[in-house]
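A.B. asks:
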């Protein structure tokens, strides 16, 4: 098990729940949120139960961010530069390679197809720095 704390931002409830379970088998902790918005200068995240929390970037080693976040004020491409500015490692995690490329262009460290997360986590290569 890797000593990594992941912030997972994925709006699809089934996929988010599955990713949380899969990642939790391989790393120290996963905290999952489905939406994001700005409140003045703070990023506010919402979990699947509708509870909000202000992001504390120091609590996480990496943020895995979906490109399209339905029904929220922000998408992954909006969040990426803000998270990077806070000193966070960001992984673009979309099923759309063009969105992943866009997020890398905005500062994400790497991109991963969201449907490959499980296999990369199992191989131990997901969180390696490039």
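In this note's numbering, the protein residues as written are 1023 to 1152.
The beta-carbon is built from N, C-alpha and C at its ideal position, and this holds for glycine as well.
#1: Classify residue 1076 as buried or exposed, calling it buried when 16 or more other Cβ atoms lie within 10 Å of its own Cβ.
#2: Find the nearest neighbour of residue 1054 within the set 1063, 1042, 1101, 1127, judged by alpha-carbon distance.
#3: Using the DSSP secondary-structure output, state which residues sit across from residue 1061 in a beta bridge.
#4: Per DSSP, which residues does residue 1024 bridge with? Please list them.
#5: Where do the N-terminal and C-terminal ends of the alpha helix (DSSP H) with residue 1144 fall, by residue?
C.D. replies: In short:
#1: By the neighbour-count rule (16 or more Cβ atoms within 10 Å), residue 1076 is not buried but exposed.
#2: Residue 1054 has its Cα closest to that of 1042, out of 1063, 1042, 1101, 1127.
#3: In the DSSP assignment, residue 1061 forms a beta bridge with 1064.
#4: Its beta-bridge partners are 1049.
#5: It spans 1139–1145 - the alpha helix (DSSP H) in which residue 1144 sits, taken as one unbroken run.
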